[in-house]
Structure formats: C-alpha cells, structure tokens
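Chains A and B, in that order, give the protein sequences. The opening residue of the first sequence carries number 477 in the numbering used here; numbering runs sequentially from there. The opening residue of the second sequence carries number 477 in the numbering used here; numbering runs sequentially from there. The block underneath contains the structure these notes are about, expressed in structure tokens.
There are 2 protein chains.
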Amino acid sequence: MNVNGFYFAGIHSGIKDNASRDLGLIYAPDGAACAAAFTVNRFKASHILLDVPRLRRGRCRAVLVNSGNANACTGKEGLEDARRLTAVLARELEISAQDVLMASTGLIGQRLPVKKIEKRIPVLIRSLSRLRVEHFAEAIMTTDHFMKIREVEISSLGVKILGLAKGAGMIHPHMSTATMLAFLLTDAEATHLDLRSVIDAVVDETFNSISVDGQMSTNDSFFVLANGKSGVKVSTGKEMALFQSAVKDVCASLAELIVRDGEGATCVIEVEVRGARTRVDAQNVARTIATSALVKTAFHGGEENWGRIVQALGTTRASFRPEKVKIYVNGRLYFSEGKGRSTLRRKRREKHRVVIDLAAGAASARFLTSDLSEQYVRINAEHLT
Amino acid sequence: MNVNGFYFAGIHSGIKDNASRDLGLIYAPDGAACAAAFTVNRFKASHILLDVPRLRRGRCRAVLVNSGNANACTGKEGLEDARRLTAVLARELEISAQDVLMASTGLIGQRLPVKKIEKRIPVLIRSLSRLRVEHFAEAIMTTDHFMKIREVEISSLGVKILGLAKGAGMIHPHMSTATMLAFLLTDAEATHLDLRSVIDAVVDETFNSISVDGQMSTNDSFFVLANGKSGVKVSTGKEMALFQSAVKDVCASLAELIVRDGEGATCVIEVEVRGARTRVDAQNVARTIATSALVKTAFHGGEENWGRIVQALGTTRASFRPEKVKIYVNGRLYFSEGKGRSTLRRKRREKHRVVIDLAAGAASARFLTSDLSEQYVRINAEHLT
C-alpha cells in the first residue's frame, strides 16, 4: 500500500559502525500539514528543540531521521548540528530549511558526525522513492529486531494511513502531544490543528500506555503528516470520528509492536484495571503493576504470581478497599476478599493478561509491557545504548 | 558482644522445605520498652495487623519470627494463625499473649503450617540462649546470602546496641516508622515514646533510603526493644543525641548490608543529590536514579553511563535548570552546562558513586541501591519468592 505524495529513503551514512542503514528521509514535495508530540523528559534531544518552533507553522515538506546517535545532552553544539544538517538537506531539495523537521535516536551525549552525514545527503535524496518505506523503517531502528509498519485504509472515506515506528529500549513514553519514534502519514486533508487534536485524542491510550523498562527517553517523538492528496477533509463530523478511530488503531498496533520487540522481551503483559474511581487511579495502578520488576520477572518465568501483583497494587494511592479488590490472571480468579483463591499456575505464553477490579468506580485503563529477562540485562550492561 | 537481658533462638520448624532454620525468637524475660515501624503498603501482612494493637502498650517480652512464608494476603485466617502461634508461645513462656509480637517473611499468599510450628515451639524455647544471636539471624533469612548483624557500644554511656536484619529482594522500604525485617536490641533505658521518636529520626535516612528492586513489601518491619538493663536513661539531652546517633549508625550499616546482599547484586550504587531546593526534591531525584533499570544495568556492566543518569533525572519534577546541573560518577565530571564533558569509563567496582548537583538550593539526600543483573532475573523468574 502506498500513501500518495510521500517519498521515502533509508541509507547507511556512517553513524553506526556496522553497515546498516542509519539515515532516513520522508519527503512530501507538495508539503503536508503536520503536528507532533514530544517527550516530557526535561532534558530534550536537540531535534526537539529544533522542531518545536518550526512546527508552529503547521506545515512541513521533509523529516530527516538518524539512528545510532540521540543528539541529546549535546548542548548548543548539538542544536547547531541539527540545524546545519536540515539546512544542507533543504538546499539540496531546494526548499526552505523551515520546512524540514528532524528526529534522532541512539546513544545520549555524543556529537553527530555531521561531515560524514552531510556528504551522504545527496545520495539519500537520490534514493527517494514511493516504494522505499522499508528502507526508511530500517534506517530508524536501534536495538529493534524488526521493522514496525502498519497501514490502514478507511474504505468508506478513501483515506489511507501509514504508520512507522521504532523502539525497543528506554521505552516508557510520556508525550504531552515519545527513544520511541513514530510517524503517521496520511493522504487525508486536515489542518495542523486537526492533527494536534487527533494526537491529543489518541496518544494517551496508545503510546503513553506502554512500557518496556520504565525509562522515559529524552528523544521520544511522534509526528503526524497529512498531505491532503485524497481530497477528503477529516476536520469535522463523521469523517473526523472515522479518521481518529483509524489513527488510534494504527497507533495502538505500533505501540504493541514496540512492546513485543522490547529489549529482551519474550512475552507481552497486558494489565487492565477496571472499577477505578478515576481514570488517573486506573492509569496509576496499571502503570505501577506493569513496571514492577517482580511482576515482570515472574511472567518471564511464566508464573502467575498474583502475590507480587497485590504487593505492587498496595504501593499505589488509588482509591480501593483491599478486601473488595479482585485480581485475575489469564482468566483465573486469584485474589478476592483479601486472600488468595487459587494455586499458582506456571505456563509460558506469548501474552499474559492481568485484570484488576478495584470495585471503586467505573473508570478503566490498559497498559502493555514486556517481561524482564536476562537478555534485557545483557543488552543494557554490555552495550552502549 | 552481648546485650544484657536478651535471649535468642533459631530452629528449623518445617516451613522451609530444606532443613534450614526458619523460626526465630527474641526473648526479654523482664520485658522491654518497644516501638516498631511497618510498611506503608496497603496490603499488610498478618503479623503487622497483630502487632499494631499490641504495640500500643509500649512494652513486650518476646518477638516470634518466621521465614519462608510471609503470611500476607491470607485474610482473617492468616491473622488467626498468627494469634494462635503467639498464644502458644505465651503459654509455654508463662507470659501474656499481649507481650508477644510476631514478624513473617517469605512467599505471599500461603497459610502458615501452624500445627508443624506449634509442635516445635517448646524446642524453640528450650534452645533460648544469650549466645544464639546467629541462630536467630539465620532463621530470619530468605534469599539472603549472609547474616546481617551489627553491634555498637556507646562507651561514654555504657550502653550497647545490637542490630539484626534480613532482606535481599522486594526491597524498597517505606515505613511510616521494610520484606526487610530489622531488630534493634539495647540495654538502654527508654520509654516506647522515646523509641518511637528515635525510629522517626533515623528510618528516613537509613532503611527508607535503600532499594534493591523498587518493590515495597507487604511485610517490611523494624522493631526496637530497650530493656533498660544498663540503667542508663537515654530519654533526654546528650544521652538521647548519642543514643540516636549510634542507632542511626547501626541502621545505616544494616541497610547497606541489605543492599550489598541484594538479589543478584554484584555492586552497590550510591546516589548522592546535592544542591536541591528541598529535601523532598533531593529524595525524589536520588530515588528515581537509583531505581532506573538502565542506570542499574549500566553499572552492572561497570559502565559510567551518565546519559542514562541524565535521562532519569529529566523525568523528575524536582526544581532545577538543566544547564546548571552537574553530574559526577566516581569522581569524574561527566555533565555540566547541558552537555557531556568526558568520555565514558568502564570499570567494575564494588561500589559506584553518583553525585548530582542540582544547583537549586541547599538540600541533599543519599540513596543506596544494587545493580540489576541476569542473576536477579533468574532468582525471580525461576523461584517462588
């Protein structure tokens, strides 16, 4: 599937030591309305400092992305590096530098090899093609094992949405509109304000409801570009509802792919909290359980260790009465009336499902995480990431 | 060293499958003033529900402790089990059941084998001795590799303090005055209110400033017993200051032993935050960095990965200006003026030291944690703990 009007490239520029792709480009020659959401980490990568003012115009033509280097904690020099690379790209494309956004992912605290990258920009541009989605998807990978691409067509509207993401470690996004990077490209017609409200509507329940290791990155970024090539406006009414719903599906799907590819992950753990007094309570409980090292190691062993779930729940300040709480793991009731109900099962599964009923209200939340494995430790103890 | 007036026992009662000690007893025949601090986890172990009302009297004669079973999330039956065991012990010792406290540590959600334990109580009592401190210290161990015993004599006062603790996993105590268990026995003369204020004065900077895995237990408990055998009052003035300082030293030392024996731990990481606007800010930053999976795995690999420290710091809401922050690891300045200052060193050490200067005020905090290793994952994925 192709989304009309978007071109892709992904090449090796020399940022990574091996020969794999590390520089990607999305190009929309006729421009696109755009909006983005970035990490709320207070140390923000240089690309974010560059993009935020440029995004105020609400339109862009190109997004330059590098992997292998986060260009974070690199000071003014890091911001200058990003500015220079986007300027070189703009000059070669014969567009305004203000029309170029950037995103980076990789090791924190290293300067980008600007001269190396600059020299490769003409090659990057020459390789642009509507068909090279996978080159781009590969170029943004770091510790990822597979490309993360999802596409959907809203047939009743004739609108297409293409979603691309990367992320495996330092994953616990919290974006006020996440090192996960995600890009959503559509041929729908929308203003950047429309896109901003779509981002606000979907990000909380998708990218902001996942965690691999509880570590919020300095670089998390989510871009939405709409080039209007379908001629279908999605700014109001049924069209907006359909578009928003489709965007949410793509984001939820990409978010689950990120968790499934979490560093060292052997399974996905879904934590659903029901019966919370407030949505904040539900989110807080779901997040606390999903980020518990003891819960994550138990599931790594395939063990439905409800005692550790109770322990994690007990550290939250959510409204509940302990004797009213019910805990189910993979459909089995393990805890109610303040005590255990079943003997522990141990079974490895691709996906474990924890349901907690707080019996304190009607709010709910869902959080996805991966297990904590020896491999996670090896990846992060032995490598510079 | 012996503290006059305290007797100890530790035997195998059959709670643990192997033949190791799992039932311990501290006995003060003439009674002792006592106070305790317990976990703030909202699912509290049965022993805590039993002890809280009994502690109101401010005095006790015996503390019965079992390992291998947390007697937590066991409902009314669990509380009844604890009540029955302390009643049997009281009858055999010919004291009031109200004079007996209890503490448990081990797997959550299992009933205690009450009949087995009951039968062994006479043996436990017969083995009481002033010299069997190590039998007791062994009987309270779970995944611990070594006994945790510290003693100090305040020579100017002629007062002795003996500290005993256990704990290796599910360690992130937060006691309003830890499954860490700790016992402090002294021959000082003090009221239970004195002891309560000593606990309040020391627990925040000692047991509540450590973490192995960020998991607050349902069973964490810290008991202080003072039997007055020295005849030296420590309720006021210089005596109180000296006593409190000595208690703090013993607690800090036991707390560090718990971290050093943390599940899978190969090193200790000390995080010191300086220049914070408030103590709460300093504690929040120190705790956030000390519980970061990426920081802990980096130090497991011996890597001074300051980028991950910056990332973790950036997720806090503490008052600071990013460009003012300075970060040192093992004495080397890695980060200032918003950017990296040194190339990364990689060297395994017994203890790594992180210092963060927030340049926002005069408050400070210190937090101790262990590294995150493959062994931690194995212990918690493969065993029921």
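Backbone N, C-alpha and C define an ideal beta-carbon position, used for all residues, glycine too. Remember, it's a predicted structure, so these values are computed and weren't measured experimentally.
is_contact[Lys815(B), chain A] using C-beta, thresh 7 Å: What you label residue 815(B) is simply residue 339 of the second sequence in a count that begins at 1. With 7 Å as the cut-off, Lys815(B) counts as an interface residue toward chain A.
Taking all protein chains shown into account, decide if Ala654(B) is buried (16 or more other Cβ within 10 angstroms of its Cβ) or exposed.
Counted from its first residue, the second sequence places residue 654(B) at position 178. Residue confidence is low: Ala654(B) scores 41 on pLDDT, short of 50, so the model does not pin down where it sits. No coordinate-derived value is stated.
- Using the Cα positions of Arg602(B) and Ala573(B), report the straight-line distance between them to the nearest angstrom. Taking the second sequence and counting its residues from 1, the one referred to as residue 602(B) is at position 126. Taking the second sequence and counting its residues from 1, the one referred to as residue 573(B) is at position 97. A direct Cα-to-Cα measurement between Arg602(B) and Ala573(B) gives close to 19 Å.
Sheet register partners of Lys802(A) (DSSP bridge): On the first sequence, residue 802(A) is found 326 positions in, with the first residue counted as 1. Paired residue(s): Asp833(A).
_Reduced DSSP category for Phe519(B) - H, G, I as helix; E, B as strand; rest coil_ = For the purposes of this step, residue 519(B) is taken as the residue at position 43 of the second sequence. Three-state result, Phe519(B): coil.
Can you check whether the C-beta of Gln759(A) is within less than 7 Å of a C-beta belonging to chain B? The residue given as residue 759(A) occupies position 283 in the first sequence. By this cut-off, Gln759(A) is not an interface position.
Cutoff 7 Å: Asn856(A) Cβ touching any chain B Cβ: Working through the first sequence from its first residue, we reach residue 856(A) at position 380. Judged by the 7 Å Cβ criterion, Asn856(A) is in contact with chain B.
Contact criterion: CB-CB distance below 7 Å. Does Glu850(B) meet it with respect to chain A?
Your numbering for residue 850(B) matches position 374 in the second sequence. Yes, contact with chain A.
Lys595(A) lies in the alpha helix (DSSP H); which residues open and close that run? Position 119 of the first sequence, counted from the first residue, corresponds to residue 595(A). That run of the alpha helix (DSSP H) goes 590-602.
* Asked: Do you know offhand how far His828(A)'s Cα is from Lys802(A)'s?
  -> Within the first sequence, the letter at position 352 stands for residue 828(A). Within the first sequence, the letter at position 326 stands for residue 802(A). Their backbone Cα atoms lie some 17 Å apart in a straight line.
Looking only at its chain, what residues have a beta carbon closer than 7 Å to the beta carbon of Gly582(A), apart from the 5 residues adjacent to it on each side?
Residue 582(A) sits at position 106 when you count from the first residue of the first sequence. Ser543, Gly544, Asn545, Ala546, Thr618.
Straight-line gap, Gln586(B) to Ile785(A) (C-alpha atoms, nearest Å): Translated into positions along the second sequence, residue 586(B) becomes position 110. Translated into positions along the first sequence, residue 785(A) becomes position 309. Their Cα atoms are separated by approximately 15 Å.
Practice task
Check the Cβ-Cβ distances between His776(B) and every residue of chain A, and say whether any is below 7 Å.
Solution key: Taking the second sequence and counting its residues from 1, one reaches residue 776(B) at position 300. Yes, His776(B) lies at the interface with chain A (some Cβ there is under 7 Å from its Cβ).
Exercise. Mind pulling the chain B residues with CB within less than 7 Å of Arg518(A)?
Worked result: For the purposes of this step, residue 518(A) is identified with residue 42 of the first sequence, where counting begins at 1. Neighbours of Arg518(A) on chain B, chain order: Gly790, Pro798.
- Quick one: which chain B residues come within Cβ less than 7 Å of Ala769(A)? As a first step, residue 769(A) must be located in the first sequence, where it is residue number 293. By Cβ distance, chain B contributes Asp689, Gly690, Gln691.
Would Phe482(B) and Leu661(B) qualify as a contact pair, given that the criterion is a beta-carbon distance under 7 Å? The residue given as residue 482(B) occupies position 6 in the second sequence. The residue given as residue 661(B) occupies position 185 in the second sequence. In contact: Phe482(B) and Leu661(B) (Cβ atoms closer than 7 Å).
Determine, using beta carbons only, whether Thr764(A) comes closer than 7 Å to chain B.
-> By one-based count along the first sequence, residue 764(A) stands at place 288. Thr764(A) does not count as touching chain B.
| task | Consider the Cβ of Cys743(B): report whether some Cβ of chain A lies at a distance smaller than 7 Å. | result | The sequence position of residue 743(B) within the second sequence is 267, counting from 1. Not one beta carbon of chain A lies nearer than 7 Å to the beta carbon of Cys743(B).
Would you tell me roughly how many angstroms separate the C-alpha atoms of Ala592(A) and Ile571(A), rounded to the nearest one? For the purposes of this step, residue 592(A) is taken as the residue at position 116 of the first sequence. For the purposes of this step, residue 571(A) is taken as the residue at position 95 of the first sequence. Looking at the sequence itself, residue 592(A) is Lys, so the reference to Ala does not match. Distance between the alpha carbons of Lys592(A) and Ile571(A) is about 22 Å.
| message | Tell me the rounded alpha-carbon separation between Ser711(B) and Phe699(B). | response | In the second sequence, residue 711(B) corresponds to position 235, counting from 1. In the second sequence, residue 699(B) corresponds to position 223, counting from 1. The straight-line gap from Cα to Cα measures roughly 18 Å.
Buried or exposed, going by whether 16 or more other CB atoms sit within 10 Å of the CB of Thr819(B)? Looking up residue 819(B) in the second sequence gives position 343. Counting Cβ neighbours within 10 Å, Thr819(B) comes out exposed, since fewer than 16 surround it.
Item to complete: Identify, in the order they occur along the chain, each residue of the same chain with its Cβ nearer than 6 Å to the Cβ of Lys709(B), setting aside the five sequence neighbours on each side.
Response: Numbered from its first residue, the second sequence carries residue 709(B) at position 233. Once the five neighbours on either side are set aside, the close Cβ partners of Lys709(B) are Glu665.
* Asked: Within 7 Å (strictly less), CB to CB, does Thr581(B) reach chain A?
  -> Translated into positions along the second sequence, residue 581(B) becomes position 105. Not one chain A Cβ lies under 7 Å of Thr581(B).
Open item on the list: Quick check on the DSSP output: the alpha helix (DSSP H) that includes Asp676(A) runs from which residue to which?
Closed with: Along the first sequence, one-based indexing puts residue 676(A) at 200. Run containing Asp676(A): 668-678, per the alpha helix (DSSP H) assignment.
- Query: Rounded C-beta distance between Asp847(B) and Thr742(B)? I'm assuming under 8 Å.
  - Reply: Taking the first residue of the second sequence as 1, we reach residue 847(B) at position 371. Taking the first residue of the second sequence as 1, we reach residue 742(B) at position 266. Confirmed, about 6 Å.
Practice problem: Assuming Ala722(B) and Ile637(B) form a contact by the criterion Cβ under 8 Å, report the distance between their Cβ atoms to the nearest whole angstrom. | Solution: Counting from one through the second sequence, the residue named residue 722(B) turns up at place 246. Counting from one through the second sequence, the residue named residue 637(B) turns up at place 161. Right, the Cβ-Cβ distance comes to about 6 Å (below 8 Å), so this counts as a contact.
**Prompt:** Along the stretch 694-711 of chain B, what residues have a CB closer than 8 Å to any CB found in chain A?
**Reply:** Thr694
Looking at chain A, is there any beta carbon in it that lies within less than 7 Å of the beta carbon of Thr550(B)? Locating residue 550(B) in the second sequence gives position 74, counting from the first residue. Closer than 7 Å: yes.
Point to revise | Beta-carbon contacts of Phe612(A) that lie in its chain and below 8 Å, excluding the five residues immediately before and after | key: Position 136 of the first sequence holds residue 612(A). Scanning its chain for C-beta atoms nearer than 8 Å, with the 5 sequence neighbours on each side dropped, one finds around Phe612(A) the residues Phe484, Ala485, Gly486, Gly500, Leu501, Ile502, Val541, Leu640, in chain order.
- Message: According to DSSP, is Cys743(A) part of a helix, a strand, or is it coil?
- Response: Position 267 of the first sequence, counting from 1, holds the residue named residue 743(A). It is coil, neither helix nor strand.
Check your understanding: Should Gly807(A) be labelled buried (16 or more other beta-carbon atoms within 10 Å of its own) or exposed?
Key -> As a working note, residue 807(A) is residue 331 in the first sequence. Label assigned to Gly807(A): exposed.
Endpoints, alpha helix (DSSP H) assigned at Asp725(A)
One-based indexing of the first sequence puts residue 725(A) at position 249. Asp725(A): member of the alpha helix (DSSP H) spanning 713-736, first to last residue.
* Exposed unless 16 or more other CB atoms sit within 10 angstroms - verdict on Glu739(B) -> Counting from one through the second sequence, the residue named residue 739(B) turns up at place 263. The residue in question, Glu739(B), is buried, as its Cβ has 16 or more Cβ neighbours within 10 Å.
- Item | Uninterrupted beta strand (DSSP E) stretches inside the stretch 531-582 of chain B (no shorter than 3 residues) | 535-543, 576-581
Item to complete: Show which residues of chain B have a CB atom less than 8 Å away from the CB atom of Ile686(A).
Response: Residue mapping note: residue 686(A) aligns to position 210 of the first sequence, counting from 1. Neighbours of Ile686(A) on chain B: none; closest Cβ ~15 Å, over 8 Å.
Secondary structure at Gly790(B), three-state DSSP: helix, strand or coil? Within the second sequence, numbered from 1, the residue matching residue 790(B) stands at position 314. Helix, per DSSP.
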